[in-house]
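**Q** Here it is, the structure, as structure tokens.
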Amino acid sequence: MNLDDFINAIEAIPGRGFRLDNNQKIVISHGDGPLWVIAGPGSGKTDSIVFRCLKLLVVDKVSPASIILTTFTEKAANNLQTRISQYMQYLIAIDKSLETIVYNRIRVDTLHGLCNDRMQEFRFTGYQNYRLLDDIEQRLFIIEHSSSTSLDSTVSQNYDDLWPGFPYVFAIFDPLTTSIWNPNSGRPPNRNIKTKGLSKLFNRIVEDRLDTNAMYAEGGSWETLVKAYEEYRNKLFDNYRCDFAHVQLKFLDFLKSQQSSLFLYGDGTDQYPGVKHVLVDEYQDTNQIQEEIYFKLAENSKNLCVVGDDDQALYRFRGGTVDCMVNFENSCQQKWKIPEITSVFLSTNYRSNPGIITFYDGYMRSFQEMSLPGARVRGKPPLTAGSAINGSYPPVAIHRGKNADEVAEFFANMLEYLLDKQLIHDYSECVLLLHSTKRSKYKAGPFMDALENHNIPYYNPRSKGLLEQEEIKVILGGLLKIIDPSSTAQRAVKFPAIREICDEWRGEFDRVAANNKDLRDYVTSYANSILRMGPSTSVGVNLLEIFYDLLNFPPLSDWIDDPERSTRIGVVCNVLDAYSNVPNSKNTKNMLGFLYTSSNVNQGISFTWRKNFYYSLLGLLASEGLNEAEDEIENFPRGRVPIMTIHQSKGLEFPLVFVYGLSSAIVDMASVQMESDFAKFSRNSNNSSTRFTTEQKVKQDLVRRFFVAYSRAQYALILLAKRTEYTRPGVGFGGDSNWTVFGNTIEI
DNA sequence: CTGGGTGCAGTTTTT
DNA sequence: CTGCACCCAG
Numbered sequence: 081m082n083l084d085d086f087i088n089a090i091e092a093i094p095g096r097g098f099r100l101d102n103n104q105k106i107v108i109s110h111g112d113g114p115l116w117v118i119a120g121p122g123s124g125k126t127d128s129i130v131f132r133c134l135k136l137l138v139v140d141k142v143s144p145a146s147i148i149l150t151t152f153t154e155k156a157a158n159n160l161q162t163r164i165s166q167y168m169q170y171l172i173a174i175d176k177s178l179e180t181i182v183y184n185r186i187r188v189d190t191l192h193g194l195c196n197d198r199m200q201e202f203r204f205t206g207y208q209n210y211r212l213l214d215d216i217e218q219r220l221f222i223i224e225h226s227s228s229t230s231l232d233s234t235v236s237q238n239y240d241d242l243w244p245g246f247p248y249v250f251a252i253f254d255p256l257t258t259s260i261w262n263p264n265s266g267r268p269p270n271r272n273i274k275t276k277g278l279s280k281l282f283n284r285i286v287e288d289r290l291d292t293n294a295m296y297a298e299g300g301s302w303e304t305l306v307k308a309y310e311e312y313r314n315k316l317f318d319n320y321r322c323d324f325a326h327v328q329l330k331f332l333d334f335l336k337s338q339q340s341s342l343f344l345y346g347d348g349t350d351q352y353p354g355v356k357h358v359l360v361d362e363y364q365d366t367n368q369i370q371e372e373i374y375f376k377l378a379e380n381s382k383n384l385c386v387v388g389d390d391d392q393a394l395y396r397f398r399g400g401t402v403d404c405m406v407n408f409e410n411s412c413q414q415k416w417k418i419p420e421i422t423s424v425f426l427s428t429n430y431r432s433n434p435g436i437i438t439f440y441d442g443y444m445r446s447f448q449e450m451s452l453p454g455a456r457v458r459g460k461p462p463l464t465a466g467s468a469i470n471g472s473y474p475p476v477a478i479h480r481g482k483n484a485d486e487v488a489e490f491f492a493n494m495l496e497y498l499l500d501k502q503l504i505h506d507y508s509e510c511v512l513l514l515h516s517t518k519r520s521k522y523k524a525g526p527f528m529d530a531l532e533n534h535n536i537p538y539y540n541p542r543s544k545g546l547l548e549q550e551e552i553k554v555i556l557g558g559l560l561k562i563i564d565p566s567s568t569a570q571r572a573v574k575f576p577a578i579r580e581i582c583d584e585w586r587g588e589f590d591r592v593a594a595n596n597k598d599l600r601d602y603v604t605s606y607a608n609s610i611l612r613m614g615p616s617t618s619v620g621v622n623l624l625e626i627f628y629d630l631l632n633f634p635p636l637s638d639w640i641d642d643p644e645r646s647t648r649i650g651v652v653c654n655v656l657d658a659y660s661n662v663p664n665s666k667n668t669k670n671m672l673g674f675l676y677t678s679s680n681v682n683q684g685i686s687f688t689w690r691k692n693f694y695y696s697l698l699g700l701l702a703s704e705g706l707n708e709a710e711d712e713i714e715n716f717p718r719g720r721v722p723i724m725t726i727h728q729s730k731g732l733e734f735p736l737v738f739v740y741g742l743s744s745a746i747v748d749m750a751s752v753q754m755e756s757d758f759a760k761f762s763r764n765s766n767n768s769s770t771r772f773t774t775e776q777k778v779k780q781d782l783v784r785r786f787f788v789a790y791s792r793a794q795y796a797l798i799l800l801a802k803r804t805e806y807t808r809p810g811v812g813f814g815g816d817s818n819w820t821v822f823g824n825t826i827e828i
């Protein structure tokens with residue numbers, strides 16, 4: 081198929097509804113060399129990158145496995161894969177000869193997935209039989225293995241100058257003590273806070289590609305930090321463990337080693353064609369180590385295509401830096417000596433009513449912080465309207481209510497009205513966007529209450545409510561009654577928050593077990609049999625096996641047939657699995673899931689083990705809670721109103737968007753400060769993280785967050801504000817020029 | 001509409 | 001411990 085036929089074919093894809101614009105065609109038909117696509121919201125960014133991929137396959141006859149296509153989340157990766165399959169099947173129906181293209185061999189994945197899978201596929205010797213740790217497991221590993229969190233104070237005191245050196249990660253609110261550690265107190269923070277802060281610092285050392293030798297040479301708390309980091313990294317690798325940051329570092333090692341030559345350069349077969357094209361979606365959220373990986377992957381071909389929107393960068397708190405996107409051309413010049421690269425602005429919006437586009441484009445431009453050099457890509461044109469959506473109704477409105485309850489009531493009434501008047505046909509055509517969707521008084525709580533009162537179904541998987549569910553409380557209560565039957569270890573825990581949540585679980589178990597003799601007898605006899613075991617002996621079962629055994633008894637055995645309950649039980653199962661797989665620091669041949677009895681007679685499971693379980697795992701659960709498991713493909717189900725974080729909503733669109741919390745000024749100060757603090761040790765010469773002041777960065781992050789929220793809307797955008805917000809308008813109401821929400825919306 | 005006192009609640013996320 | 005929301009007085 082030639083390029084013209086290809087373009088004609090994809091423009092005729094049924095259901096897409098609009099033709100390709102010239103800039104989209106440039107993206108799709110671009111030949112070799114770097115390609116920099118700055119794409120505004122709703123500009124057909126994802127389709128453009130997918131079509132470019134198909135063009136490489138269909139027109140250029142590039143070998144599928146030589147194309148790497150990465151994006152930010154697994155859901156987005158699945159979505160790209162689905163679109164590629166659908167469009168390819170459509171093209172095959174037009175031209176049978178395309179049938180031989182094995183399009184599912186394109187490497188569509190998140191970057192983490194790509195790193196992990198390719199190192200395994202090519203059997204990289206530096207990554208054999210590694211267990212990839214999620215953030216919970218990483219923290220459990222740190223608390224168990226870092227000398228700095230040791231219970232032996234003669235060991236941990238060697239790190240006493242570390243904590244006050246980085247107050248922004250350690251002086252944070254601690255739910256277990258309901259207080260904030262004071263860096264001037266002369267005492268270290270508690271182990272949970274140490275661990276949480278250390279994981280942030282360790283991850284950033286890796287992701288920011290810091291020069292640890294220079295940090296060490298700086299002395300003081302920098303030197304101590306490097307000692308702690310290197311101890312962590314060595315123990316991690318010695319135990320065949322790898323965290324998300326290090327899987328990327330390992331991959332970089334792989335790419336720089338001889339062992340990657342078959343992957344990078346291939347052997348001329350379609351099985352191993354080498355890397356010919358690298359396409360990156362959501363590039364604005366890339367961090368420094370990821371940038372280095374992408375440039376390394378494309379070093380040979382120079383075919384690096386990055387797509388993103390600098391205005392939608394949301395992930396500074398995990399090391400993402402918009403600089404990678406804003407300075408992409410400079411990076412190509414510096415690293416590859418390419419004087420000029422092809423850049424394309426996709427600035428025609430096919431998503432929203434023109435009035436909504438005017439609103440959020442004006443919103444973005446109303447902040448002087450966004451016009452400072454380096455904040456946005458130079459020469460970015462205003463968004464223009466290209467959608468068929470129009471109409472004489474006012475598309476942006478604000479409701480000014482008395483307080484949260486009144487606003488939530490208005491929201492529920494409006495949904496009822498919309499469905500009643502058939503302005504919507506399904507509740508999932510509307511979305512409520514918030515910074516945090518936790519069920520609490522100042523967040524999603526009032527909205528969840530109001531919707532329940534109106535019998536309107538909603539979907540809010542990130543309300544941190546999993547541990548409140550009956551089946552979870554019962555099963556964890558049962559587990560505690562087996563491993564700590566008289567609560568002796570629990571009573572020794574000094575944090576009331578941990579003891580209280582455990583008592584709640586035990587109480588819930590007792591309530592349910594009262595009517596279920598088999599479950600009750602099983603737990604009692606199991607606990608007694610452990611008590612009767614000899615001292616210092618293996619209990620013979622793993623922590624996780626006890627958990628599974630409980631599922632054999634009613635009502636738990638009935639509950640696991642309920643898909644919702646069973647999914648939630650699965651989440652807890654994963655957490656216990658994570659704990660069970662942490663190597664025991666005293667004997668790394670055993671994992672923490674290995675149960676053994678006390679050295680004293682008839683004391684049951686080792687008192688030390690039980691205390692550790694309460695402090696480390698239950699401490700983590702008590703302070704942070706757990707979210708529900710989400711579907712791997714669907715972002716939200718039909719029939720219910722999605723209540724989403726703005727982060728969740730990135731890349732999605734909804735006919736009607738409601739945004740609440742316009743004065744929310746919550747940003748991750750620790751990340752902003754850490755970024756500035758670490759900048760001087762960065763090996764990346766293109767790093768411009770010192771360009772803005774802390775205040776400017778905070779403002780920019782907030783503006784971008786509201787911009788993402790506002791730009792999700794297709795037909796109508798409704799802002800919800802309570803009195804305390806609109807009497808002292810925050811960042812969500814616009815910048816300091818003449819532009820404000822009040823002048824640009826109608827009141828409803 | 002504004003200021004002071006009181007009471008509640010405590011961020012976003014990648015396999 | 002701090003920041004925000006809310007209430008009530010002026």
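Quick note: the first sequence uses this note's numbering, first residue 81, plus one each step. All C-beta atoms in this analysis are idealised placements derived from N, C-alpha and C, irrespective of residue type, glycine included.
1) Buried or exposed: T258, going by 16 or more other Cβ atoms within 10 Å of its Cβ?
2) In angstroms with no decimal places, state the Cα-to-Cα distance between F86 and C412.
3) Tell me the rounded alpha-carbon separation between T162 and P717.
4) Which stretch, first to last residue, makes up the beta strand (DSSP E) that contains G436?
5) Just how far apart, CA to CA, sit A796 and G193?
6) Just the Cα atoms here: how many angstroms apart are Q338 and N410?
7) Do you know whose CA, among I373, N383, E755 and V138, lies nearest L359's CA?
8) Use the C-beta contact count for E372: other C-beta atoms within 10 angstroms, 16 or more gives buried, fewer gives exposed.
9) Please list, in chain order, all residues of the same chain as K280 whose beta carbon is under 6 Å from its beta carbon, the five residues on each side excluded.
10) So D781 is in the beta strand (DSSP E); what residue range does that whole segment cover?
11) I'd like the span of the alpha helix (DSSP H) that includes G245, first residue to last.
12) Using CA atoms only, rank isn't needed, just tell me which of I798, R785 and D757 is closest to R284.
13) Quick check on this structure: which residue in R445, W689, S226 and E775 has the alpha carbon closest to the alpha carbon of F43?
14) Could you have a look at K669 and say whether DSSP puts it in helix, strand or coil?
15) Below 8 Å on the Cβ atoms is my contact criterion, and I expect R690 with D564 to pass it. Report the Cβ-Cβ distance as a whole number of Å.
16) According to DSSP, simplified to helix, strand and coil, what is Y795?
17) Below 8 Å between beta carbons: does that hold for M199 and F334?
18) Let's see if you can read the secondary structure: which residues bound the beta strand (DSSP E) around T234?
19) Please report the distance separating the alpha-carbon of N661 from that of N407.
20) If you draw a straight line from the alpha carbon of S143 to that of F253, how long is it in whole angstroms?
21) Counting pairs of Cβ atoms below 8 Å between the stretch 139-158 and the stretch 176-196, do you hit three or more?
22) Can you check which of these residues, M724, D583, T617 and N540, is closest to V554 by C-alpha distance?
23) With DSSP collapsed to three states, give me the class of M613.
24) Let me make sure I understand the geometry here. Which of G814, Y806 and L799 has the alpha-carbon closest to that of I826?
25) Looking at T150 and D857, is the spacing between their C-beta atoms short of 8 Å?
26) From the DSSP output, which residues share a beta bridge with N429?
27) Can you tell which of S427, S751, K730 and I93 has the C-alpha that lies nearest to the C-alpha of G400?
28) Between G545 and the rest of its own chain, which residues show a CB-CB distance below 7 Å, the 5 nearest in sequence each way excluded?
29) Measure the beta-carbon distance from F627 to L672 and round it to whole angstroms, keeping in mind my assumption that it falls under 8 Å.
30) Could you give the distance in angstroms between the alpha-carbon of I223 and the alpha-carbon of G466?
31) Three-state secondary structure (DSSP) at M724?
32) Write down the C-beta distance between E311 and S227 rounded to the nearest angstrom, noting that I regard them as a contact closer than 8 Å.
33) Less than 8 Å between C-beta atoms, sequence neighbours within five positions excluded: which residues of the same chain meet that for G719?
34) In three-state terms, what does DSSP make of I826?
35) Exposed or buried, what is K135 when buried is set at 16 or more other beta-carbons lying within 10 Å of its beta-carbon?
36) Using alpha carbons as the reference points, say which of N433, K460 and Q208 lies closest to S472.
**A** In this structure, then:
1) With fewer than 16 other CB atoms across the displayed protein chains lying within 10 angstroms of its CB, T258 is exposed.
2) Rounded to the nearest whole angstrom, the CA to CA distance from F86 to C412 is 30 Å.
3) Straight across, the Cα-Cα distance linking T162 with P717 is about 18 Å.
4) Here the sequence assigns Ile to residue 436, which means Gly is not the residue at that position. First-last for I436: P434 to R445, but that is the alpha helix (DSSP H), not the beta strand (DSSP E).
5) Spanning the two alpha carbons is a distance of roughly 37 Å.
6) Near 29 Å, if we compare the C-alpha coordinates of N410 and Q338.
7) Per the C-alpha coordinates, the member of I373, N383, E755 and V138 positioned closest to L359 is N383.
8) With 16 or more other Cβ atoms within 10 Å, it is buried.
9) For K280, where only same-chain residues beyond five positions count, the Cβ hits under 6 Å are V249.
10) DSSP places D781 outside any beta strand (DSSP E); the residue lies instead in the alpha helix (DSSP H), whose first and last residues are T774 to Y790.
11) Membership of G245 in the alpha helix (DSSP H) is indicated by the continuous run L242 to G245.
12) When only C-alpha atoms are compared, the closest one is D757.
13) Look at the range of the chain in this structure, 81 to 828, and you will see that residue 43 is not part of it.
14) K669: strand per DSSP, three-state reduction.
15) Cβ atoms of R690 and D564 come within 8 Å of each other, at about 5 Å.
16) Collapsing the DSSP output to three states places Y795 in a strand.
17) Contact flag set, yes.
18) Taken as a continuous stretch (DSSP letters only), T234 belongs to no beta strand (DSSP E), being part of the alpha helix (DSSP H) at S233 to S236.
19) Each residue's alpha carbon lies about 42 Å from the other.
20) In a straight line, the C-alpha of S143 is about 52 Å away from that of F253.
21) The stretch 139-158, when compared against the stretch 176-196, does touch it at the 8 Å Cβ threshold.
22) For the set M724, D583, T617 and N540, the Cα lying nearest the Cα of V554 is the one of D583.
23) Coil.
24) Taking only the C-alpha atoms, the option nearest I826 is L799.
25) Any answer about residue 857 is impossible in this case: the structure gives the chain only from 81 up to 828.
26) The secondary-structure analysis by DSSP pairs N429 across a beta bridge with A465.
27) Checked all of S427, S751, K730 and I93; the closest Cα to G400 is S751.
28) So the qualifying residues of the chain are R519.
29) Their Cβ separation, rounded to whole angstroms, is 14 Å, which puts F627 and L672 out of contact at 8 Å.
30) Rounded to the nearest angstrom, the two C-alpha atoms are 54 Å apart.
31) Strand.
32) The beta-carbon distance between E311 and S227, rounded to whole angstroms, is 6 Å. This is short enough to meet the 8 Å contact definition.
33) D506, Y507, S508 and P537, listed in sequence order.
34) If DSSP states are grouped into helix, strand and coil, I826 belongs with the strands.
35) Buried: at least 16 other Cβ atoms inside 10 Å.
36) Comparing Cα-Cα distances from S472 to each of N433, K460 and Q208, the minimum goes to N433.
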